[in-house]
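Comments concern the structure below.
2 protein chains.
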Amino acid sequence: MKQKVGIIKIGGAFLEDEKLLEKFYSAFSAMEGLKILVHGGGQRASKLSTDLGITPQMVHGRRITDAKSLEVVTMVYAGWANKTLVAGLQGRGCNALGLSGADANLIRALRRPVKDIDYGLVGDVERVNTEGLSTLLNAGFTPVFCALTHDGKGQLLNTNADSIAADLAMALSPAYEVRLIYCFEKQGVLRNVNDPESVIPSMDTDNFKSLQKEGVISAGMIPKLFNSFRALQAGVDQVIIGPVSLLSGQAPKYTQIQL
Amino acid sequence: MKQKVGIIKIGGAFLEDEKLLEKFYSAFSAMEGLKILVHGGGQRASKLSTDLGITPQMVHGRRITDAKSLEVVTMVYAGWANKTLVAGLQGRGCNALGLSGADANLIRALRRPVKDIDYGLVGDVERVNTEGLSTLLNAGFTPVFCALTHDGKGQLLNTNADSIAADLAMALSPAYEVRLIYCFEKQGVLRNVNDPESVIPSMDTDNFKSLQKEGVISAGMIPKLFNSFRALQAGVDQVIIGPVSLLSGQAPKYTQIQL
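Chains A and B are the protein sequences, given in the same order.
Residue 196 in the numbering used here sits at position 196 of the first sequence, and the numbers go up by one each step.
Converting from the second sequence to the numbering used here requires adding 1000 to each position, the first position being numbered 1.
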């Protein structure tokens, strides 16, 4: 029987909300079995950029990453966000180990080719080092990944955290029973963005298409759903989008993703 | 027979000098056997502080670290400096794994008690988790430590990189044959700070005292030497202060520290 592993993605917004962060720390620390955390930090990166006089440039919700912006996201994601989470989890007895994709060569990426848009120092995951990751998991560490990868030739690359979570889940799925949870401040995918109770309990590619046509899926949710379908198609056992209380199995509502 | 491990400390100045950094990458990557890197980043932290309108406050060369300054050093040390070094070393075939003392609970520190000066969120090393560190070394990773620790209760602490290097060396010395190298842009401890050739080949506590009386030891060198003596007294096999070429055994001059 395969060992179970939970891959939890949280947004950077968690780090800006003390109450939510506390709730997360408790729920995540208490989770049994192997687990991996993936986190963002875009909100704070944009704030630091602005404070330093660099105007953040976003296209389709993705950051155009020149050399200066890469320094900013490296400082915020791998520095402030990652170490705040690691120290917080360690304080609650979770043996967290912070990582970027460059560390132990865990996630190698290809710099995104320039087509209509030059995203700059942005990478798409090419290869997850599952052997290295398994070594860390089996040694009792809880990997905490920030949204940075590398090209294996010395260059760090900015990489979307939702995609990293999906790619880690896909890479581990031949050897583990993998559950991927996109955890955020809402209860799940909403039919009406203004009604927090309007959670869609189950979503497959068919109703995704029709809901997308109706325009009820918010822009930020679309890449999360694409990543969810991509993960399921590659053999990931379960993908869920929902609130922190999911981690303790106490969410009254959430969205289960299906093919 | 004990396994050998080399602990190399470099200053943050290495990261600001492309030629020196390249030289370091080559020499460090080529070093055989177990090795650990410890790095600073104070120069860049002071620059980022100033850019953000926070005036860096230093006492006896140590940073007074309030909550805002801790964010700055966490971003610079654990983010920019650490991940730049890790990606650079990975690009040269060295399986670097970036760490703060919070990661895997590797270095726990005590917040420095307030006497004449309140250093703020500054910690002195209390306990190195040698078991966790050995696990990483034996798995084939090369740990790269930034100058941050934690108190085990959720709080990150700013900790001097020279001290971290000495404390790691001391903690590993019962199980390993440890060589501690303080690597910097000069050739060694200088008798005359304006003459780069005036390297003192060997230094013990006696001639340290007399040279200190003469006033020929520079202010920045004194804590390095205190850490060196402290490490030797605790059983560390060898402590050297010198240039990058030491790592490839090709340094024409360097300073050997002795008791």
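We treat Cβ as the ideally placed atom computed from N, Cα and C, and that holds for glycine.
Among the options, which residue has its Cα nearest to the Cα of residue i?
i: residue 29 (chain A); options: A:125, A:41 and A:8; result: A:8
i: residue 1209 (chain B); options: B:1178, B:1259 and B:1172; result: B:1259
i: residue 1121 (chain B); options: B:1112, B:1128 and B:1129; result: B:1112
i: residue 1188 (chain B); options: B:1064, B:1039 and B:1244; result: B:1244
i: residue 1073 (chain B); options: B:1248, B:1013, B:1092 and B:1159; result: B:1159
i: residue 117 (chain A); options: A:58, A:110 and A:32; result: A:58
i: residue 252 (chain A); options: A:196, A:234 and A:228; result: A:196
i: residue 1091 (chain B); options: B:1220, B:1022, B:1062 and B:1205; result: B:1022
i: residue 1224 (chain B); options: B:1100, B:1061, B:1133 and B:1150; result: B:1061
i: residue 128 (chain A); options: A:238, A:174 and A:67; result: A:174
i: residue 202 (chain A); options: A:139, A:103 and A:238; result: A:238
i: residue 1150 (chain B); options: B:1234, B:1065, B:1101 and B:1205; result: B:1101
i: residue 1134 (chain B); options: B:1249, B:1233, B:1036 and B:1031; result: B:1036
i: residue 205 (chain A); options: A:233, A:63 and A:215; result: A:233
When the cut-off is 8 Å and only beta carbons count, does residue i lie next to chain B?
i: residue 86 (chain A); result: yes
i: residue 76 (chain A); result: yes
i: residue 229 (chain A); result: no
i: residue 137 (chain A); result: no
i: residue 126 (chain A); result: no
i: residue 141 (chain A); result: yes
i: residue 103 (chain A); result: yes
i: residue 215 (chain A); result: no
i: residue 155 (chain A); result: yes
i: residue 192 (chain A); result: no
i: residue 51 (chain A); result: yes
i: residue 173 (chain A); result: no
i: residue 71 (chain A); result: yes
i: residue 34 (chain A); result: no
Looking only at its chain, what residues have a beta carbon closer than 8 Å to the beta carbon of residue i, apart from the 5 residues adjacent to it on each side?
i: residue 1055 (chain B); result: 1049
i: residue 240 (chain A); result: 179, 180, 181, 182, 246, 254, 255, 256 and 257
i: residue 218 (chain A); result: 190 and 193
i: residue 185 (chain A); result: 11, 13, 14, 17, 20 and 243
i: residue 1084 (chain B); result: 1015
i: residue 156 (chain A); result: 70, 74, 100, 102, 121, 148, 149 and 150
Excluding five sequence neighbours on each side, which residues of the same chain lie with their C-beta closer than 6 Å to the C-beta of residue i?
i: residue 34 (chain A); result: 5 and 137
i: residue 152 (chain A); result: 108
i: residue 1169 (chain B); result: 1007, 1178, 1180, 1231 and 1236
i: residue 200 (chain A); result: 189, 191 and 255
i: residue 211 (chain A); result: 217
i: residue 1045 (chain B); result: 1072, 1073 and 1076
i: residue 1042 (chain B); result: 1012
i: residue 1096 (chain B); result: 1086, 1089, 1090, 1142 and 1144
i: residue 1002 (chain B); result: 1176 and 1177
i: residue 94 (chain A); result: 29 and 142
i: residue 171 (chain A); result: 128 and 130
i: residue 1228 (chain B); result: 1239 and 1257
i: residue 65 (chain A); result: 120, 121, 122 and 158
i: residue 1068 (chain B); result: 1054
i: residue 27 (chain A); result: 244, 247 and 248
According to DSSP, residue i sits in a beta bridge with which residue or residues?
i: residue 124 (chain A); result: A:110
i: residue 202 (chain A); result: A:256
i: residue 1148 (chain B); result: B:1158
i: residue 1135 (chain B); result: None; residue 1135 (chain B) has no bridge partner.
i: residue 4 (chain A); result: A:177
i: residue 219 (chain A); result: Answer is none; residue 219 (chain A) lacks a bridge partner.
i: residue 10 (chain A); result: A:39 and A:183
i: residue 58 (chain A); result: A:63
Taking only beta-carbon atoms, is residue i less than 8 Å away from chain A?
i: residue 1197 (chain B); result: no
i: residue 1160 (chain B); result: no
i: residue 1202 (chain B); result: no
i: residue 1046 (chain B); result: no
i: residue 1026 (chain B); result: no
i: residue 1123 (chain B); result: no
i: residue 1100 (chain B); result: yes
i: residue 1060 (chain B); result: no
i: residue 1037 (chain B); result: no
i: residue 1090 (chain B); result: yes
i: residue 1246 (chain B); result: no
i: residue 1152 (chain B); result: yes
i: residue 1083 (chain B); result: yes
Using a Cβ-Cβ cutoff of less than 7 Å, which residues in the same chain neighbour residue i once the five nearest sequence positions on both sides are dropped?
i: residue 1221 (chain B); result: 1189
i: residue 1099 (chain B); result: 1106, 1143, 1144 and 1145
i: residue 161 (chain A); result: 9, 38, 39, 40 and 147
i: residue 1031 (chain B); result: 1006 and 1247
>> Between the region 133 to 151 of chain A and the region 162 to 177 of chain A, can you find at least three pairs of beta-carbon atoms closer than 8 Å?
In response: yes
>> Between the region 75 to 85 of chain A and the region 1064 to 1078 of chain B, can you find at least three pairs of beta-carbon atoms closer than 8 Å?
In response: yes
>> Below 8 Å, how does it come out for the region 1097 to 1108 of chain B and the region 1122 to 1141 of chain B: are there three or more Cβ pairs, yes or no?
In response: Yes, the region 1097 to 1108 of chain B touches the region 1122 to 1141 of chain B.
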